[in-house]
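Protein chains in written order, with the working numbering: chain A, 28 to 226; chain B, 28 to 226.
Beta carbons: idealized from backbone N, C-alpha and C, even for Gly.
There are 2 protein chains.
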Amino acid sequence: MQTPIPEPTTRNAKATFNHILDAAIELFYKNGYHGTTVNNITKHAGVAAGTFYLYFPSKLALYKHVLITFSHNIRREIAAKVSLKSTRYEKEREGIKAFILLAKKHPQMYNIIWESLYIDRELFKDYYESFALRYIRGLNESVKNEEIRDIDTEVISYILMGITNFIGLKVVLDLGTNNNDVDYIVDQVMDLIQHGLFK
Amino acid sequence: MQTPIPEPTTRNAKATFNHILDAAIELFYKNGYHGTTVNNITKHAGVAAGTFYLYFPSKLALYKHVLITFSHNIRREIAAKVSLKSTRYEKEREGIKAFILLAKKHPQMYNIIWESLYIDRELFKDYYESFALRYIRGLNESVKNEEIRDIDTEVISYILMGITNFIGLKVVLDLGTNNNDVDYIVDQVMDLIQHGLFK
DNA sequence: ATTAAAGGTGAATGGGTATTCAGTTTATGA
DNA sequence: TCATAAACTGAATACCCATTCACCTTTAAT
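#1: Could one say the Cβ of Asp179 (chain B) lies closer than 7 Å to chain A's Cβ atoms, at least one of them?
#2: Measure the alpha-carbon distance for Leu166 (chain B) versus Lys118 (chain A) and round it to whole angstroms.
#3: Would DSSP call Ile175 (chain A) helix, strand or coil?
#4: Figure out for me which residue from B:Val93, B:Gly73, B:Lys70 has the closest Cα to the Cα of Thr30 (chain B).
#5: Span of the alpha helix (DSSP H) holding Asp210 (chain B)?
#6: Spell out a yes or no on whether the stretch 185-196 of chain B and the stretch 179-198 of chain A are touching, meaning 3 or more CB-CB pairs, one atom from each, closer than 8 Å.
#7: Give the straight-line distance between the Cα atoms of Asn66 (chain B) and Asn45 (chain B), rounded to the nearest whole angstrom.
#8: Please go through the same chain and pick out, in chain order, the residues whose beta-carbon is closer than 6 Å to the beta-carbon of Ala72 (chain B), but skip the five residues on each side of it.
#9: Only counting the same chain, and skipping five residues up and downstream in sequence, which positions put a Cβ closer than 6 Å to that of Gly122 (chain A)?
#10: Leaving out five residues before and five after Val216 (chain B) in sequence, what residues of the same chain have Cβ atoms less than 7 Å from its Cβ?
#11: When burial is assigned at 16 or more other CB atoms within 10 Å of the CB, is Asp179 (chain A) buried or exposed?
#12: Considering Cα atoms alone, identify which of B:Val209, B:Leu111, B:Leu150 is closest to Lys131 (chain B).
#13: Please state whether DSSP places Phe83 (chain B) in a helix, a strand or coil.
#14: Under 7 Å between C-beta atoms, does Ile186 (chain B) make it to chain A?
#15: Give the straight-line distance between the Cα atoms of Leu129 (chain A) and Ile101 (chain A), rounded to the nearest whole angstrom.
#16: Give the residues of chain B in contact with Phe126 (chain A), contact being defined as C-beta atoms less than 8 Å apart.
#17: Do you know offhand how far Ile68 (chain B)'s Cα is from Asn58 (chain A)'s?
#18: Among A:Arg176, A:Tyr155, A:Tyr116, A:Ile175, which has the Cα closest to the Cα of Asp218 (chain A)?
#19: Thr204 (chain A) versus chain B: which residues are under 7 Å apart at the beta carbon?
#20: For Thr78 (chain B), tell me which candidate among B:Leu54, B:Tyr60, B:Asn39 has the shortest Cα-Cα distance.
#21: I need the straight-line Cα distance from Ser113 (chain A) to Ile52 (chain A), nearest angstrom please.
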């Protein structure tokens, strides 16, 4: 990635940097990348337009920085939760639940990551391919341990990401019903993953 | 929806209309909605800029028209394939396969539908909520017939849409491997849906 | 052939926006 | 206290783009 934004070190600069970041995250979420202007961001952050360019070389570079930060946070958060569990069943349950709670708490992450498909397709592909790679590694462990059945772990990883993402979508956008009862939804998901769909 | 684009009736007008539509679909796919200008579209369609506005009141109205047309086509195509099968297992297999083949054949659909989240969030929500509603209706039938287990059909519908969409994503963006062997992938998906993940 | 309607033109308009830069204020250390 | 660097300012710049409109060309019916 060719965009390592240097994080400022002094007190004041740090604060300004974060004001700009926070404003950008909120506005990207509310109005989308293209619906957000640099002037919107600076006004919302309470600084002048020129200040933006003291910290970020361009609007796109800021977006990429946000995306990369989010993807690190998501990975870290989920990995931390999952590592506390020992069986694959519990790991899977914990991972799905952690993702949904994260998405609910920070709906911006969700939106901004998906939007990358329309801003820089390679970023999007990298994001999901590397996420899948980590997932596959974990699944392969569980195949060795004979915890899960012998299905193509690459396909499984996309299936599980798809389930998690769409359930997250349902909860975040409040599609349909029951979106406040995360435990109930996770139970339903685990029921299907465990026993399949058919009688 | 407040955008019923009148389809032209005469030979020439029809042809121009379709040239504009085709150009728009291709360019929206390649460069995204915001990355595509009306002048790009008209140039690509081989007409003057003003001609665009003989057929579409605005760029956004054109986008909505494309989206609605696609969503009809997807529904029609999948419903047609699914209705040929009688068991839920076969219906599910056929639906997933039809979706993936469609996505592979017309990757534009895929991209353009998802992009609606960043153009008009309500359009996106409507799309998935109404898709889910149809899905739920079918699943409820199968619950009555005792073909599928007693899981919340709303949650299942989002799970199955998630699986299908992410497998479609994998195939369309060529994430990971095996993306030319659709039957193999569908087999893996059905295996998981039928027998679950765990031993 | 005539003519009205249908179809088409493309330069001009008006509004918007990422980025720059010459200058000002604030903080810091000697 | 003063000088120097660090932060910051916001109007100006340069470009982009959806949409309009006055005018031109083609089609088809009488």
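The relevant details are as follows:
#1: yes
#2: 29 Å
#3: strand
#4: B:Val93
#5: 209-222
#6: yes
#7: 16 Å
#8: His46, Ile47, Ala50
#9: Ile105, Val109
#10: Ile123, Ile190, Ile194
#11: buried
#12: B:Val209
#13: coil
#14: yes
#15: 8 Å
#16: What Phe126 (chain A) touches in chain B: nothing, since even the nearest Cβ is about 12 Å away.
#17: 25 Å
#18: A:Tyr116
#19: Glu181
#20: B:Asn39
#21: 35 Å
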